[in-house]
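Counting from 1 along the sequence shown, just add 6 to a position and that's the residue number in our numbering. Don't be surprised by glycine CBs; every beta carbon is placed ideally from N, CA and C.
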Amino acid sequence: MKIRFRELHQQPVEQKGEVALEGLEQESPDLLSLQPLQVEILAWKDRETYQVQGKQRTEGRFRCSRCLTPFSQGLEMDWFQAFSDEERVVREAEEEGEEIRLVQLDRPTDLTPYIREALLLGLPLAPVCRLDCRGLCPVCGVNLNHESCDCDTGRVDPRLAKLQEFFKDRG
Ligand SMILES: [Zn+2]
Ligand SMILES: [Zn+2]
7 MKIRFRELHQ QPVEQKGEVA LEGLEQESPD LLSLQPLQVE ILAWKDRETY QVQGKQRTEG
67 RFRCSRCLTP FSQGLEMDWF QAFSDEERVV REAEEEGEEI RLVQLDRPTD LTPYIREALL
127 LGLPLAPVCR LDCRGLCPVC GVNLNHESCD CDTGRVDPRL AKLQEFFKDR G
């Protein structure tokens with residue numbers, strides 16, 4: 007998805023489109039596939055900067071990090087990025103710890119890197135098919151959501167016990 011910042015000199019721009027991202031599976035091993043993103047952009051000029059607000063949604067197919075079963079999950083994320091064609095503005099922002107991207111006005115700017123970055127930040131770190139997924143038995147490997155077994159799993163890892171308590175409280 008591309009935007010022409012020059013057009014913002016007249017008025018704010020709204021843009022909608024579909025963006026397909028590729029090669030994400032390498033960066034997120036639990037992600038099996040991803041639908042194209044439905045992206046909505048609102049962009050406007052503010053003094054020497056161009057402000058872009060993005061809203062995007064899609065659906066991903068993940069492998070549950072506990073029971074390894076594939077499942078689909080809707081994803082929605084917002085992002086924001088400021089741009090400027092003045093090096094001075096970019097430098098001054100940097101000194102104040104802000105990030106403004108330098109752009110050239112004589113050609114369209116590709117927003118795909120920002121869409122991709124927001125998506126990666128919005129992916130679940132440890133996707134679960136459902137909050138109370140019981141996972142696989144660490145001893146015999148059966149899926150404890152569907153089956154039970156007689157394995158001795160009494161010695162629960164203390165970190166795991168905390169997590170179990172956490173989900174019980176939310177219960
Ligand atoms: Zn699961
Ligand atoms: Zn078992």
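- Contact check for Val25 and Ile121: beta-carbon distance about 5 angstroms, within the 8 angstroms limit, so the pair qualifies.
- In terms of Cα proximity to Val109, the closest of Val58, Ala132 and Leu40 is Val58.
- Taking C-alpha positions only, Leu169 is separated from Arg136 by approximately 14 angstroms.
- Secondary structure note for Pro119: its alpha helix (DSSP H) is the uninterrupted segment Thr118 to Gly128.
- The stretch 62-75 and the stretch 125-140 touch, with three or more beta-carbon pairs separated by less than 8 angstroms.
- By the CB criterion at 9 angstroms, Phe86 and Gly103 fall outside the cutoff.
- Look at the stretch 45-82 and you find these whole runs of beta strand (DSSP E), each 3 residues long or longer: 55-69.
- For Glu20, the enclosing beta strand (DSSP E) stretches over residues Val19 to Val25.
- Close CB contacts of Cys155 within its chain, under the 6 angstroms cut and outside five residues either way in sequence, are with Cys143, Cys146 and Val148 (chain order).
- Under a 10 Å Cβ-count criterion, Ser78 is classified as exposed, with fewer than 16 other Cβ atoms of the shown protein chains found around its own Cβ.
- One Cα belongs to Leu81, the other to Glu13, and the distance between them is close to 30 angstroms.
- For ligand 2, the residues with a Cβ under 5 angstroms from any of its heavy atoms are, in chain order, Cys143, Val145, Cys146, Cys155 and Cys157.
- Listed by position in the chain, the residues whose beta carbon lies within less than 5 angstroms of some heavy atom of ligand 1 are Cys70, Arg72, Cys73, Cys135 and Cys139.
- Looking from the CA of Leu111, the closest CA among Glu54, Arg97, Asp84 and Glu123 belongs to Glu54.
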